[in-house]
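**Student:** I'd like to ask some things about the structure below.
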Amino acid sequence: MSITIAQAQKGIAAGLAKAGELKSPSSIAILDEGRNLIAFARMDGALLASIELSRSKAFTARSLNMKTGDVMQYVQPGAALYGMHTSHQPPFVVFGGGEPIKRRDQVIGAVGVAGGMVPDDEAIASAVAEAIALA
């Protein structure tokens, strides 16, 4: 099962709507199951850094099949994955805004959102993932 461009576009539309509602100019990256970029949008006013950061969040979420905000606990000194977030290209991101996209409990891709505060990025990413899961 894969994400089609039509589904990705629905996800982007949902993310842009949520970002507008939150007044959080953002970049949104959607990757397929193989971690390939299939859709991207950068809102007017979104920070330049948000471009690569959104893709890295999606890459992390798909690579680990978990929300990026949940990764932090595993990369602390003494934890099982300590240092992982500094040893990989593209870099793994360990704060919120990346989320796997699932359909029928199967991971089919991931979304990464960057540009706002972490709670906003997480809310936007969830809106994107939900829109694609239902598409």
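Residue 462 is where the sequence shown starts when you use the working numbering, and the numbers rise one by one after that.
Built from N, CA and C at the ideal position, the CB exists for glycine as well.
Here the structure is a predicted model, which is why all the values come from computation and not from measurement.
#1: Which whole-angstrom value is the C-beta distance of ILE585 and SER485, which I expect to be below 8 Å?
#2: Straight-line CA distance for LEU498 to ALA480?
#3: Is GLY573 closer than 7 Å to LYS518 when the C-beta atoms are compared?
#4: Is there at least one Cβ from chain C nearer than 7 Å to VAL572's Cβ?
#5: For my contact list, GLY530 and GLU583 are in at a C-beta cut-off of 8 Å; report their separation, rounded to the angstrom.
#6: Do you know whose CA, among TYR543, ALA540, MET527, VAL568, lies nearest GLY559's CA?
#7: Does DSSP put LYS528 in a helix, in a strand, or in coil?
#8: Does the distance from the CB of ILE461 to the CB of GLU494 come in under 7 Å?
#9: First and last residue of the beta strand (DSSP E) that includes VAL574?
#10: Go ahead and label ARG439 buried or exposed: buried means 16 or more other beta carbons lie within 10 angstroms of its beta carbon, across all protein chains shown.
#11: Do you know how far the Cα of PRO580 is from the Cα of ALA467?
#12: ALA540 by DSSP, collapsed to three states: which one?
#13: Quick check: what's the CA-CA separation for ALA510 versus ILE562?
**Tutor:** Per the coordinate set shown:
#1: Taking the first residue of the sequence shown as position 1, residue 585 is located at position 124. Taking the first residue of the sequence shown as position 1, residue 485 is located at position 24. Right, their Cβ atoms sit about 7 Å apart.
#2: Position 37 of the sequence shown, counting from 1, holds the residue named residue 498. Position 19 of the sequence shown, counting from 1, holds the residue named residue 480. C-alpha of LEU498 to C-alpha of ALA480: approximately 20 Å in a straight line.
#3: For the purposes of this step, residue 518 is taken as the residue at position 57 of the sequence shown. For the purposes of this step, residue 573 is taken as the residue at position 112 of the sequence shown. Yes, these two residues count as a Cβ contact at 7 Å.
#4: Absent from the structure: chain C. Only one protein chain is present.
#5: Residue numbering aside, residue 530 sits at position 69 when the sequence shown is read from its first letter. Residue numbering aside, residue 583 sits at position 122 when the sequence shown is read from its first letter. Confirmed, about 6 Å.
#6: Against the sequence shown, residue 559 aligns to sequence position 98. The shortest CA-to-CA distance from GLY559 to any of TYR543, ALA540, MET527, VAL568 is the one to MET527.
#7: The residue labelled residue 528 in the question sits at position 67 within the sequence shown. Secondary structure of LYS528 (DSSP, three-state): coil.
#8: Past the boundaries of the shown model lies residue 461; the chain is included only from 462 to 596, so the question cannot be answered.
#9: Against the sequence shown, residue 574 aligns to sequence position 113. 567 to 575 is the span of the beta strand (DSSP E), which, as asked, contains VAL574.
#10: Because the chain spans 462 through 596 in this model, residue 439 falls outside it and cannot be assessed.
#11: Counting from 1 along the sequence shown, the entry for residue 467 is found at position 6. Counting from 1 along the sequence shown, the entry for residue 580 is found at position 119. About 27 Å.
#12: Here residue 540 refers to the residue found at position 79 of the sequence shown. If DSSP states are grouped into helix, strand and coil, ALA540 belongs with coil.
#13: The residue given as residue 510 occupies position 49 in the sequence shown. The residue given as residue 562 occupies position 101 in the sequence shown. So the two alpha carbons sit approximately 23 Å from each other.
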